[in-house]
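**Q**
In the numbering used here, the protein residues as written are 5 to 371.
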């Protein structure tokens, strides 16, 4: 195997693939990136056995072949070479070493047999449809914030993508907060199986979608694949049943409070400085046209800030996690945040008046 490729093209390619590789894997081959050179293309593939990312780039191939080398080492070599330099790579006759050169620098990397590299990129026939990269990134971003992290209930450690009527929905919850984003059902998606996309996959996919004009989705009940013009991301889906989230969405909350999004974000940010370090709780004291946000901590310190709001119902106090309120506000685009309330002990529904297809639910905290 012998090929040459410009540094910038290879760096972009490797930036996608190496990010899924665990630096310290108990299986040596999973620390490597698979390199296949043929037909004036270089195909790079990396996997952690749950996610695989495959990138294709133009290259000048003098000799076709395939091997694997340490992903992070190769990425760092390419990253630290000068912009615009041409990189040449050649596999030794016995396949044990890959020589890499760029400019005046030369490197010799140990190889592992590509036959031992797992094939994660094959996906059985499923449902195929397309979304714009910007739309997919936006839907995933708004849902992912509520996904659990390292929960023993695996089905909460991801984003639930499913069809609901004439909508494509993305939902996540950790039991304390819930996010639901939806979009009119794309052509071809009606028979899509419901799947839970792992949190790590969602993070990689958001980066991929940010660079792509369009993303083609191939969905089965075991795997999901996202394909752009340059990169293919394949992932296992979480084996489990997502909870009946609809029953916790408080559609019957009738008390509406409108507050300036920026004013809310700034006030919560300031007041939470003196909140309890672990709980990050802040108290919302709500009265007609007036909101007081306050916090205190075990050191007997406290903070308080008043905001003008639109609200004309009874007084109530509600406790919130300041971090969750801030994250929801940052995920919105409009000037205001709309709260739908019932009382100080019930879940609260939040919406962006400019994006009524997205909703958030927060469980109140004890105050």
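Glycine included, each C-beta is placed from N, C-alpha and C at the ideal position.
These numbers come from a predicted model, not from an experiment.
Is the separation between the beta-carbon of residue 271 and that of residue 311 shorter than 8 Å?
**A** Within the chain shown, residue 271 is the residue found at index 267, counting from 1. Within the chain shown, residue 311 is the residue found at index 307, counting from 1. In this structure, residue 311 lies closer than 8 Å to residue 271 by Cβ.
**Q** Taking DSSP as the reference, what is the three-state secondary structure of residue 231?
**A** Reading the chain shown from its first residue, position 227 is the one you call residue 231. Residue state, collapsed to three classes: strand.
**Q** Round the Cβ separation of residue 123 and residue 11 to the nearest angstrom and send it over; I've been treating them as touching at under 8 Å.
**A** Numbered from its first residue, the chain shown carries residue 123 at position 119. Numbered from its first residue, the chain shown carries residue 11 at position 7. That belief does not hold up - the Cβ atoms of residue 123 and residue 11 are roughly 29 Å apart, past 8 Å.
**Q** Which residues in the same chain as residue 331 place their Cβ atom closer than 7 Å to its Cβ, once the five residues preceding and following it in sequence are excluded?
**A** Residue 331 sits at position 327 when you count from the first residue of the chain shown. If we look at residue 331 and ignore the five residues flanking it on each side, its Cβ neighbours are 149.
**Q** Could you pull out every residue in the same chain whose Cβ sits closer than 8 Å to the Cβ of residue 207, ignoring the five residues on either side in sequence?
**A** The count along the chain shown starts at 1 and reaches residue 207 at position 203. Closer than 8 Å at the Cβ level, and outside the excluded window around residue 207, lie 148.
**Q** Would you be able to state if there are at least three C-beta pairs under 8 Å between the stretch 41-57 and the stretch 6-26?
**A** In short, these stretches touch, since the Cβ pair count reaches three.
**Q** If we ignore side chains and look at the alpha-carbon of each, how far apart do residue 1 and residue 219 end up?
**A** Look at the range of the chain in this structure, 5 to 371, and you will see that residue 1 is not part of it.
**Q** I'd like the list of long-range same chain contacts for residue 321, defined as Cβ closer than 8 Å, with 5 residues on each side in sequence excluded.
**A** For this step, residue 321 is matched to residue 317 along the chain shown. Hits under 8 Å: 287, 288, 289, 290, 348, 371.
**Q** Can you list, in chain order, the stretches of the alpha helix (DSSP H) that have 4 or more residues and sit fully within the stretch 225-283?
**A** Runs found: 265-275.
**Q** For the stretch 228-236 and the stretch 267-281, state whether three or more C-beta atom pairs, one from each stretch, are separated by less than 8 Å.
**A** With a cut-off of 8 Å, the stretch 267-281 and the stretch 228-236 do not count as touching, because too few Cβ pairs lie within range.
**Q** Do residue 187 and residue 361 have their CB atoms nearer than 8 Å?
**A** For the purposes of this step, residue 187 is taken as residue 183 along the chain shown, with counting starting at 1. For the purposes of this step, residue 361 is taken as residue 357 along the chain shown, with counting starting at 1. Yes; because the gap between Cβ atoms is below 8 Å, this pair is in contact.
**Q** Which term fits residue 325, buried or exposed, when burial requires 16 or more other beta carbons within 10 angstroms of its beta carbon?
**A** Residue 325 sits at position 321 when you count from the first residue of the chain shown. Burial call: buried.
**Q** For a test of the three-state rule: what should DSSP assign to residue 315, helix, strand or coil?
**A** Counting from 1 along the chain shown, the entry for residue 315 is found at position 311. In this structure, residue 315 counts as coil in the three-state DSSP scheme.
**Q** For residue 180 and residue 80, I'd like the C-alpha separation in whole angstroms.
**A** Counting from 1 along the chain shown, the entry for residue 180 is found at position 176. Counting from 1 along the chain shown, the entry for residue 80 is found at position 76. Taking the straight line joining both Cα atoms gives about 40 Å.
**Q** Put residue 152 into one of helix, strand or coil per three-state DSSP.
**A** For the purposes of this step, residue 152 is identified with residue 148 of the chain shown, where counting begins at 1. Of the three classes helix, strand and coil, the one that applies to residue 152 here is coil, per DSSP.
**Q** Looking at the structure shown, is residue 306 part of a helix, part of a strand, or coil, going by DSSP?
**A** Within the chain shown, residue 306 is the residue found at index 302, counting from 1. Three-state result, residue 306: strand.
**Q** Grouping DSSP H, G and I as helix and E and B as strand, with all else coil, what is residue 180?
**A** The residue given as residue 180 occupies position 176 in the chain shown. Correct three-state label for residue 180: coil.
**Q** Thinking just about the alpha-carbon of each residue, which of 323, 70, 247 is nearest to the one in residue 115?
**A** In the chain shown, counting from the first residue as 1, residue 115 sits at position 111. Cα-wise, what sits closest to residue 115 is 70.
**Q** Out of 337, 178, 20, point me to the one whose CA is closest to residue 265's CA.
**A** On the chain shown, residue 265 is found 261 positions in, with the first residue counted as 1. Comparing Cα-Cα distances from residue 265 to each of 337, 178, 20, the minimum goes to 337.
**Q** Assign residue 293 to one of two classes, buried (16 or more other C-beta atoms within 10 Å of its C-beta) or exposed (fewer than that).
**A** Here the question's residue 293 lines up with position 289 in the chain shown. Burial call: exposed.
**Q** Give the straight-line distance between the Cα atoms of residue 170 and residue 140, rounded to the nearest whole angstrom.
**A** Sequence index remark: in the chain shown, residue 170 carries index 166 (1-based). Sequence index remark: in the chain shown, residue 140 carries index 136 (1-based). Cα to Cα, the separation comes out at about 17 Å.
**Q** Got a sec, what are the start and stop residues for the beta strand (DSSP E) residue 106 sits in?
**A** The residue you call residue 106 lines up with position 102 of the chain shown. First-last of the beta strand (DSSP E) with residue 106: 101-106.
**Q** In three-state terms, what does DSSP make of residue 88?
**A** Taking the first residue of the chain shown as position 1, residue 88 is located at position 84. Correct three-state label for residue 88: coil.
**Q** Following a CB-centred definition, is residue 252 positioned closer than 7 Å to any heavy atom of the ligand SAM?
**A** Among the ligands in the structure shown, none appear at all, so the ligand SAM cannot be discussed.
**Q** Would you mind reading off the limits of the alpha helix (DSSP H) that contains residue 350?
**A** As a working note, residue 350 is residue 346 in the chain shown. Residue 350 -> no alpha helix (DSSP H), and no H or E assigned at all.
**Q** Tell me which residues share the same chain as residue 44 and place their Cβ nearer than 8 Å to its Cβ, disregarding the 5 neighbours each side in the sequence.
**A** The count along the chain shown starts at 1 and reaches residue 44 at position 40. Only 62, 63, 64, 65 meet the Cβ criterion.
**Q** Please confirm whether residue 257 and residue 346 have their CB atoms less than 8 Å apart.
**A** The residue given as residue 257 occupies position 253 in the chain shown. The residue given as residue 346 occupies position 342 in the chain shown. Contact: yes.
**Q** Starting from residue 328 and walking both ways along the alpha helix (DSSP H), at which residues does that stretch end?
**A** Taking the first residue of the chain shown as position 1, residue 328 is located at position 324. 326-335 is the extent of the alpha helix (DSSP H) around residue 328.
**Q** Taking the straight line between their C-alpha atoms, what separation do you get for residue 77 and residue 91?
**A** Counting from one through the chain shown, the residue named residue 77 turns up at place 73. Counting from one through the chain shown, the residue named residue 91 turns up at place 87. Approximately 15 Å, taken between the alpha carbons.
**Q** With 16 as the cutoff for other CB atoms within 10 Å, does residue 97 come out buried or exposed?
**A** Counting from one through the chain shown, the residue named residue 97 turns up at place 93. The residue in question, residue 97, is exposed, as its Cβ has fewer than 16 Cβ neighbours within 10 Å.
**Q** At the level of alpha carbons, what is the spacing between residue 366 and residue 102?
**A** Translated into positions along the chain shown, residue 366 becomes position 362. Translated into positions along the chain shown, residue 102 becomes position 98. Spanning the two alpha carbons is a distance of roughly 53 Å.
**Q** Would you decide whether residue 30 is buried or exposed? Buried here means 16 or more other CB atoms lie within 10 Å of its CB.
**A** For this step, residue 30 is matched to residue 26 along the chain shown. Classification for residue 30: exposed.
**Q** Out of 244, 251, 8, which has the shortest C-alpha to C-alpha gap to residue 157?
**A** Reading the chain shown from its first residue, position 153 is the one you call residue 157. Minimum Cα distance to residue 157 is reached at 244.
**Q** Given this structure, state the Cα-to-Cα distance separating residue 296 from residue 316, to the nearest angstrom.
**A** What you label residue 296 is simply residue 292 of the chain shown in a count that begins at 1. What you label residue 316 is simply residue 312 of the chain shown in a count that begins at 1. Roughly 15 Å between the two C-alpha positions.
**Q** Taking the alpha-carbon positions, what's the residue 240 to residue 134 distance?
**A** Counting from 1 along the chain shown, the entry for residue 240 is found at position 236. Counting from 1 along the chain shown, the entry for residue 134 is found at position 130. When rounded, the distance between both Cα atoms is 19 Å.
**Q** Tell me the rounded alpha-carbon separation between residue 167 and residue 174.
**A** Position 163 of the chain shown, counted from the start, is the residue given in the question as residue 167. Position 170 of the chain shown, counted from the start, is the residue given in the question as residue 174. The straight-line gap from Cα to Cα measures roughly 9 Å.
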